[in-house]
Structure formats: C-alpha cells, structure tokens
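Chains A and B supply the protein sequences, listed in that same order.
Per numbering that gives the first Met the number 0, the first sequence starts with residue 0, numbered consecutively.
Per numbering that gives the first Met the number 0, the second sequence starts with residue 0, numbered consecutively.
Only one structure is covered here, and it is reproduced in the block below.
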Amino acid sequence: MKFGVIVFPGSNCDHDMIYSLGEILRQEVVPLWHKEVDLKSCDIIALPGGFSYGDYLRSGSIARFSPIMDEVINFANKGGFVFGVCNGFQILCEAGLLPGALLHNVNQKFICKNQYIKPEHTDTAMSLLAKSDEPLKIPIAHGEGRYFATKEVLSEMITNGQIVWRYCDADGSLTEASNPNGSIMNIAGVCNKNKNVFGMMPHPERATDPELGNTDGKVILESIIKSFN
Amino acid sequence: MSEVTVTLETAKTLGLNEEEFELIQKYMGRIPNFTELSIYSVMWSEHASYKNSITWLKTLPREGGCLLTGAGDENAGLVDIGNNLACAFKIESHNHPCAVEPYQGAATGVGGINRDIFTMGARPIAQLNSLRFGDIKNPRTQWLLKGVVKGIGDYGNSFGVPVLGGEVFFDNSFTTNPLVNAMSVGIMEKGKMISAIAKGKGNPVYIVGSSTGKDGIHGATFASADITEDSADDIPSIQVGDPFQEKLLLEASLELMDTGAVVGMQDMGAAGIICSTSEMSEKGNSGMIIDLSKVPLRQQNMEAWEILLSESQERMLVVVEKGKEKIVEKVFDKWDLNCKQIGEVIDEDMLYFHYKGKLVAQVKASTLVLGGGAPVYEREYIAPQYFNEIKTVNPNDIEEPENLKDVADFIIQHPNIASKKWVYEQYDTMVRTNNITTNKPSDAGVINVKGTNTALAVTTDCNSRYVKANPEIGAMIAVAEAARNVACTGARPLAITNCLNFGSPYNPEAYWQFVMAIKGMGAACRKFDTPVTGGNVSFYNQTTINNITGPVFPTPTIGMLGIIEDKSLHTGLCFCKKGDLIFHIGKVRNDINSSEYLYSYHGIKNSPPPYFDLDEAYNLNNLLLQLSGANLIRSLHDVSDGGLYVTLVESAIPKNLGFDITTAAEVRKDVFLFGEAQNRVIASVSPDKEQDFIDMMIENDFPFSLLGHVTKGEIRIDDISFGFIRDIKEKYETALEKCLE
C-alpha cells in the first residue's frame, strides 16, 4: 500500500504527515508536488494541513484549482481513497468532494490545543479501530474550522452515516463547552456518501510519535491501513 | 530624477548630525548627493550601525567551545549540538513598528527573525515571543496586545513554525511603547551554512522573493528615534508581511543550499538593498555594481533612493557562482518566486548603483558598516536619582494581610502571573511535531531533534522590574533564571542571544541602565559559560505618562539554548502522583523585595531586586542537572514571579492534583508564600527515591527542606484549606481572558 501526500506551496504539515506515515507507521509514502499531474500509482491520497496558497481568500479556495487536484478529483470519483486534514479538509470541501463548508471559528481566533473527539460511527475506514466510549485526544490548530452544512445536507449526511468525528470532552460528553470552534453538531470530521473521501479538522498525524507523549492519532491512521488490508 | 541639493539641514532631516555629515564628506572627498546621503543615514542609524552600543557589546563573552560562528558575524548565531547538526538562533525586537501598527509590526518581526535563520540554511523549528505592554485595563493596551498576538499568530501559523515559549508582562512603563521581541531557532547540517558574504569577481548578484515597494522606507531610521505622539504619522515606515511568500522563500532557500551554487546570501531586513549589498561586500572585501532598474517593483515612479532603502519584506540578496545561474533560477521558478539578476561582484571596495542608465550613487562599502567606517560613540552615563533612593523593604514594616487565601487568589489572577493561555492558544504550538512540552510541560520549551537522542531546551527570560531596580543584578538574574529554567528540564545551558530594550542612549540615566545591564549580563554569562551569540539592541523605548516622558523598564531579554543529550531524562514541571514528596531546594529567605506581591498587592513600587547570588545560582544549576541525570526527581519547577505559592499551583494544575504543605517557621507566612528570593526550585520526589534524593542533596551541601506532599486535589497550607485545584485552575486560566473579552 502506498500513500501519496500532496504538497501545495503553503502546506506546512506535509513533513509531519510523511514522518508519521513513514517513520512511525512504517508505510510507503511519497510527496506529490501540486504542479504534477501524476498520482504515482498511490493507493491513498492525503491532503495535509497548512495554508495551501496563502489562503488570504477563503482557505482552500485556490488550491482546488491546482493541476494535481484534477487528478485527485478523478481518483476520488473512481472510488480512490482520499483524506484531508485541516487545510486538506477545507480543500476537499471547496473541491466539492465533501459536503458542507468550514467557516471562521466562532470566537474569530485561531485555536491550537489538545482536543477530545469521538467517533460517531466505527464502521468507516478512518474510525475502524476507534471506540465510541473512548474519546481520543487529538490536537487542533485552525482559524477556519467551524463546520457548517444546510439542514437538508445535514439530514442526508446523518441518514447516510457521513458524520465521522465529533468534538467532546474527556469523558465523551458532546457538550457546548467541548466544541472549540462552534461547529454545527460538534462535527469534527465527515466523509462522502461513498465513504472513500474523508476530512477532519483535528490532526491525527500530530499524535502518533511516542516521543511527544500522545499516540491517540494512531487509532485513526491505523484504521485506514487496516481497512486496506 | 530631481536631485535635492544636499546641505547640513538635509542631513539633519535624515537623522544625521553635523559630525557625521562631515565624516561622510571626508570619506567621499565631496558632498554626497541625496541618494548617497540617504544611504549613509540608514546605514549609520542606530538600528543598522550599533554606533552607541557596540563598545559595550564587545565586553560580553562571545567565544566558547560550542560556537560555530562569532557573535554578529552571520545572520544569526550558530551552535554545535552534536550528531553533525548545528542550531541557529537569534532574538530581535520589533518594538517601534508595533507601537503604531501592532498587527503588521509583530507579523514582520516574526518574518524577519525567521528569515535570519533560514537564510543561513537552517530550518526554523521553534519560535518564542517576549512581550511587554502597559496596564491591561487600558483600552489602547488591549488593542496593542490583541494586534500583536494576532500578528504573531497569523504570520507564524501560516509559515509553519511552532511557538515553544515566551513571556507576557504588563507595566505602566510600557503604555505607549510595548516591547515585542521574537526569537527563532533552527537546525541544519553542520558545515552547510550559507554565509552572508559577497566575493568572487564577476559572480552575479540576484534579488529574490517579493517585489519592492515604498513600504518601510527609512524604517531603520524610524526605529532609531524616540516614540512620540506623532509617531503614528510615520505609518508608511511600517512594513507589511506576507507569510506565504516567506514560506516559499524558506523552501527555496533550503533547496538552494543543497545545490552548492550559492556563494552567499543575506536577508533584506532593515535598510533593504543598501544594507545587504554593503554588509555582504564588506565581509568579502569586495564591492558590487548594481542596476536598480532591474529590481522587480510593485509600485510605479520609485526613485533610486526609495528602491535602495525600501524595507519591503520577504526579499533576499543572493550571490551565485558564475555559470550556475540556471540551477538557481530553476529552484526559484519551481516556487514561483521572483529571481532577478541585478548586478555583479567586483573586486574593489565600492558600490556602484545605476538607475535608468545613470550612475546614481557610488560609495565605499566599508565606510557604511559596523566594524568599518560607521561611527562608534562612547556615551556618558550616570546613576539615576531613583536608584540612589531605593531602599530594602523590611517585611516586618509591611502589615501582614489577615486572609492569605485572598492574597493567593489575587496573585494567581494578576495578569503578570495568570496563565497566558489566551495568548498561546492563538499560536500553533505543535506544527512540525517536535514540541515535547505540549504533553509534558516544563520550565523551558523542549524540542525533539528527530532521529537523534537529543532534545533542545529554549526559553526567554527577563524580569524588567528587577532590572529597573538594579540593572546589573537584574540582568544577572535574567541570565540565571534562563539557565535555571533550562536546567529544570534536564538541559545543560549552551549559549544565549539577547535583545536589549532600553531608553535613549543620549539620556545618561537610561544609558547607565544599559551599561550596568551589560556588566551584569557579561558576568553571569561567563559564570554559566553561555557565550552571547548575537541578538539586537533597541534604544529609544520610552513612554509618556501624564506628560512626563521616561524610558521603559530596561529589559535585556535573554534567549537561552540548552541541550538534553539523553532525551529520556527530560524533566517536566508538573506533580505526577498523589503521595509524592514536595521539597524546597534552596534557602528560605526573609525577602519580599520587588515581588509582584509587594509591587501590586501592597503598592510599594521601589525596592531592590530580590535576593540573588551568582555563585549559588551556578551551584544550584549543577545540582539540578545531577538530580535529573540520576533520575531522582519527578518534577522540577523554578520559584520565580509570584513566589512559592504560584510555583506549587503551576505544578499542580496540569494533572489536577493538589498539595499539602507546612510553611517554614523562620519567616512570616506571606513572605514564605509570595517572596521572590532567587535560586530556589520546587522538586517532587516519589517516596521510593526519597533517601537517594536526600543523600544527593547532602552530598552537594545545598540547603533544602521537605514542604509536604502531593494530594488528590485539595490545596492545604498549615492545615488550612486554600481550595480545590479545579477552582484555582479555572481562575488562573481565565483571568487574562476576563480582562480582554
């Protein structure tokens, strides 16, 4: 199995994703430059965090037009596995591969901290190894992470089981206080209807290295690996 | 171009004095034209030339085994950290821009310091910010604070460097003139450093990065004048930051390093093109011919002097080995960056600037720069009146408050003491996945050096109030506290960078503060064997309160780098387990001088710095390293601002534990809890290591005492409950937010 990590010029979590997948989880991983048009026969495409093209406009709004994104969109439409973290999630929403949008945090500030999340469903490729009664501590770092979708879209997502991760407190309660950015329904991560495209604001790759004292993120990335085996 | 006739008056308008104007004419053998005069005015400004500080800076220890470059020789200091790696680090001020435009001022401060690091070929892996503001209740202070924090966050978060530490301090003396000091730390392969040098006749000179505009013209001169009510009129002197361009420059620079095609590179900060062309030339004993018509511009109708002096951000000057132009151009093309050849290196000590087919300026490179022809001054200094009037405060002359629990609540919610969570949660502290202190907080930021057994510890420290009270001792304390913070993580201090924020050098009392601080800093750095690798000097910091203008609290911020050779020995600051023993390392002293308690609670503004002894501080540091090296302690946390009570609370908060302690009989209870006598540390020790711990303390003959033990969540002092940690944590963590929102 081969991972490809898309590198936009303003990506800044590409190294972290490659380190986590390659050095910690011992997977084959290659960087894919945004100007390329070849996915190098990767099985899984990851869009990392960062500020793709500066994101002075809306986050991800320019990145979706980069040369490699056409390939990513084709790949996803053919059923290829794609996941985006943080800015990667924003880009996937902008590209129309995921429903909804990510708005400015409700407090209008960038927020970086450890945050608990828990799976809404444990039958998706990214939550296979998670347990609904065991919240995971995963770092967040974003200014535009407030998930929003219209009522209609949301109810369709619920019916299809597309809500994957929700913000909660250490005990797993879905409270308002444990919602860091004002996301609708405490949503932290979603997938598409076919369940081959995923996006989440929290950074699982930041919580995999035992030397940093938190490996909860492994549950998420290892779920992907397991779902392929 | 309409050339202005240059007279002494013109020179004075540009910030030069008569003596300097004469010196320029002597160097040139004629009257300079306006462009040339502008060149001298920025290059001889305080900011670029260090003319009023260099004499004293040279007295600091600037050599040591671990240094790979001399202080001030390159864009930043470079230290050997083993494993064939080197660490580049430096701190810089951006005070004056922040006073008038906090958001861009802070953003470009972060940009500038990171550019210093990656221009050398090192990738920035950590950022620290040392900030000083006026009274937090003042609406202007709130505007400044919010702008500065957002500026630092927006720039650094996008650029992708984690914030590992810093300070925020409030005092009226900073009301109109905040201090914004940014430090960056980077690592690189040893021996791969790109020098800031121009040499090799015929080698092409490139400008890369952003286009040049009219922003920041005379920024260096602006930074070298007093901040006044009219300073807002100087807003065009402020630069505008673009972190995306900076990110592209970073990646392109690091790729460039691997091509071997680069002779030298320097970032364009203060004084723009003229600064980098002259400094790089002087260093290589060469010169340059530059055609300013070739510089990519973002604005029409720019004059030659404007292009030369522009401080547009995210630009660098690169000298390329002749014949390797294509290699370099290809790298910048990949990153969609401007990369324009604007001239070439010559083997003559001259800079020739052409514009639109005309020679517009010709100056000797060496006459422009520090260490060359730039003037060097020795200024007068005299101890200020206030210093002679300061008297030690005898705690017994201060009435002891009846309810110490109220004092405790006051102290932990004071903006200088309370958690800075409101600030640091706006910074990305985890990008690059190397911050070990997220999940194991410690007295300094600790960075994992991936692929090695090593971790680095970084901290910024300075208690401006102590320095005001006694600049010599205060500066020593700043160095010693930085060293102690580093040692509390288990790291050995290696070297420092400094950011020297003072008032006007032409004010003998403010200059006295500078001189005395340098003396104290030098003594402490020699003791700890932590050479000064570089940094910057920011003079002219002053505040006007009730129509009285005076210097800000003198603030020589120390940025220290330390190394943990075996990262498994990294020590945190938090209590880990109920039942662990709590020890006080150091001597309990009857001292409340300059404490937050005395200053803010009792309102006594003038007292000497708290107790300090340099030899004792050094011995304590060695002891701390022995303790963590032998794995005898569970946590170490330095007793500093706010005193012992605050130290204990900070250790208890991360794991929601409490403590039960008994105060010492020899001093009053308030002195014990809130005094800030230096050279003290709180250790928690697991009961099975108690005997080994005591043995080591006795062997080292260092004073210590058992305070009590860690509890499940209640805080008890002499059998009186001070409340539960969850409530105290809530107060401590939300106090700043409550002031601001």
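A virtual CB, placed ideally from N, CA and C, is assigned to each residue, including glycine.
Neighbour flag for residue i against chain A, beta carbons, 8 Å
i, result
"residue 445 of chain B", "no"
"residue 335 of chain B", "yes"
"residue 50 of chain B", "no"
"residue 246 of chain B", "yes"
"residue 311 of chain B", "no"
"residue 194 of chain B", "no"
"residue 539 of chain B", "no"
"residue 156 of chain B", "yes"
"residue 159 of chain B", "yes"
"residue 243 of chain B", "yes"
"residue 1 of chain B", "Per-residue confidence for residue 1 of chain B stands at a pLDDT of 48, beneath the threshold of 50, marking its modelled position as unreliable; no derived number is given."
Chain E contact residues for residue i, given Cβ-Cβ distances below 7 Å
i, result
"residue 720 of chain B", "No chain E appears in this structure, whose protein chains are A and B."
CB contact check: residue i to chain B, cutoff 8 Å
i, result
"residue 167 of chain A", "no"
"residue 205 of chain A", "yes"
"residue 108 of chain A", "yes"
"residue 214 of chain A", "no"
"residue 35 of chain A", "no"
"residue 220 of chain A", "no"
"residue 211 of chain A", "yes"
"residue 111 of chain A", "yes"
"residue 50 of chain A", "yes"
"residue 170 of chain A", "no"
"residue 18 of chain A", "yes"
"residue 53 of chain A", "yes"
"residue 42 of chain A", "no"
"residue 69 of chain A", "no"
Paired residues, beta bridge with residue i - DSSP
i, result
"residue 178 of chain B", "B/131"
"residue 713 of chain B", "B/723"
"residue 287 of chain B", "B/344, B/350"
"residue 634 of chain B", "B/571, B/683"
"residue 193 of chain B", "Answer is none; residue 193 of chain B lacks a bridge partner."
"residue 491 of chain B", "B/562"
"residue 146 of chain A", "A/101"
"residue 535 of chain B", "B/498"
"residue 248 of chain B", "Its beta-bridge partners do not exist; DSSP assigns none."
"residue 112 of chain B", "In the DSSP output, where bridge partners are listed per residue, residue 112 of chain B has none listed."
Residue i CB to nearest heavy atom of the ligand NAD below 7 Å
i, result
"residue 465 of chain B", "Among the components modelled here there is no ligand, and therefore nothing to report on the ligand NAD."
Cβ-Cβ separation, residue j to residue i (assumed contact under 8 Å), whole Å
i, j, result
"residue 558 of chain B", "residue 493 of chain B", "About 12 Å; that fails the 8 Å criterion."
"residue 706 of chain B", "residue 672 of chain B", "11 Å between Cβ atoms; not a contact."
"residue 102 of chain A", "residue 222 of chain A", "Not really, about 28 Å apart at Cβ, beyond 8 Å."
"residue 54 of chain A", "residue 1 of chain A", "Rounded, the Cβ-Cβ distance is 28 Å, inconsistent with contact."
"residue 254 of chain B", "residue 330 of chain B", "5 Å"
"residue 708 of chain B", "residue 578 of chain B", "6 Å"
"residue 183 of chain B", "residue 112 of chain B", "4 Å"
Contact between the stretch 489-500 of chain B and the stretch 88-103 of chain B is defined here as three or more beta-carbon pairs at a separation below 8 Å; is this criterion met? Yes: the two stretches touch, three or more of their Cβ pairs being nearer than 8 Å.
Taking beta-carbon pairs under 9 Å, can you tell me which members of the stretch 423-439 of chain B lie near chain A? Those residues of the stretch 423-439 of chain B that come within reach of chain A (Cβ to Cβ, closer than 9 Å) are 423, 424, 425, 426, 427, 428, 429, 430, 431, 432, 433, 434, 435, 437, 438, 439.
Is the number of C-beta pairs between the stretch 610-630 of chain B and the stretch 473-484 of chain B that are closer than 8 Å three or more? Yes, the stretch 610-630 of chain B is in contact with the stretch 473-484 of chain B.
Counting pairs of Cβ atoms below 8 Å between the stretch 524-538 of chain B and the stretch 49-62 of chain B, do you hit three or more? A contact is defined here as three or more CB-CB pairs under 8 Å, and the stretch 524-538 of chain B meets this definition with respect to the stretch 49-62 of chain B.
Compile a chain-ordered list of the residues in the stretch 1-14 of chain A whose CB is closer than 8 Å to at least one CB of chain B. Sequence-ordered contacts of the stretch 1-14 of chain A with chain B read 8, 9, 11, 12, 14 [C-beta pairs closer than 8 Å].
Residues, ordered as in the chain, of the stretch 119-141 of chain A that lie near chain B by beta-carbon distance below 8 Å: Within the stretch 119-141 of chain A, those residues whose Cβ lies closer than 8 Å to any Cβ of chain B are, in chain order, 138, 140.
Tell me, please, whether the stretch 627-639 of chain B touches the stretch 714-728 of chain B by the rule of three or more beta-carbon pairs shorter than 8 Å. No contact exists between the stretch 627-639 of chain B and the stretch 714-728 of chain B.
Closer than 8 Å is the cut-off here; do at least three beta carbon pairs connect the stretch 53-73 of chain B with the stretch 459-467 of chain B? Cβ pair count under 8 Å is below three, so no.
Name the residues in the stretch 140-156 of chain B whose C-beta lies less than 7 Å from a C-beta of chain A; which are they? Against chain A - using a Cβ distance shorter than 7 Å - the residues of the stretch 140-156 of chain B are 152, 156.
Would you call the stretch 82-97 of chain A and the stretch 118-125 of chain B in contact, with 3 or more CB pairs under 8 Å? Taking a contact to require three or more Cβ pairs closer than 8 Å, the stretch 82-97 of chain A and the stretch 118-125 of chain B do not qualify as touching.
Specify whether the stretch 289-307 of chain B and the stretch 239-254 of chain B touch according to this definition: at least 3 beta carbon pairs, one from each stretch, less than 8 Å apart. Contact fails between the stretch 289-307 of chain B and the stretch 239-254 of chain B, because fewer than three Cβ pairs, one in each stretch, are under 8 Å apart.
What residues from the stretch 111-129 of chain B come within 7 Å of chain A, judged by C-beta to C-beta, listed N to C? Here the close residues number zero.
At a CB distance below 9 Å, what residues from the stretch 86-101 of chain A approach chain B? Give them in sequence order. Shown here is that no member of the stretch 86-101 of chain A has a Cβ falling below 9 Å from a Cβ of chain B.
Measuring CB atoms only, is the stretch 202-219 of chain A touching the stretch 422-432 of chain B, in the sense that at least three cross pairs come out at less than 8 Å? In short, these stretches touch, since the Cβ pair count reaches three.
Would you check if the stretch 148-159 of chain B and the stretch 93-112 of chain B touch, i.e. whether three or more CB-CB distances between them fall below 8 Å? By the criterion of at least three beta-carbon pairs nearer than 8 Å, the stretch 93-112 of chain B is in contact with the stretch 148-159 of chain B.
Taking three-plus beta-carbon pairs below 8 Å as touching, is the stretch 550-557 of chain B in contact with the stretch 128-135 of chain B? The stretch 550-557 of chain B, when compared against the stretch 128-135 of chain B, does touch it at the 8 Å Cβ threshold.
Are at least three pairs of beta-carbons, each pair with one atom in the stretch 520-532 of chain B and one in the stretch 399-411 of chain B, less than 8 Å apart? Output reads no: the stretch 399-411 of chain B does not touch the stretch 520-532 of chain B.
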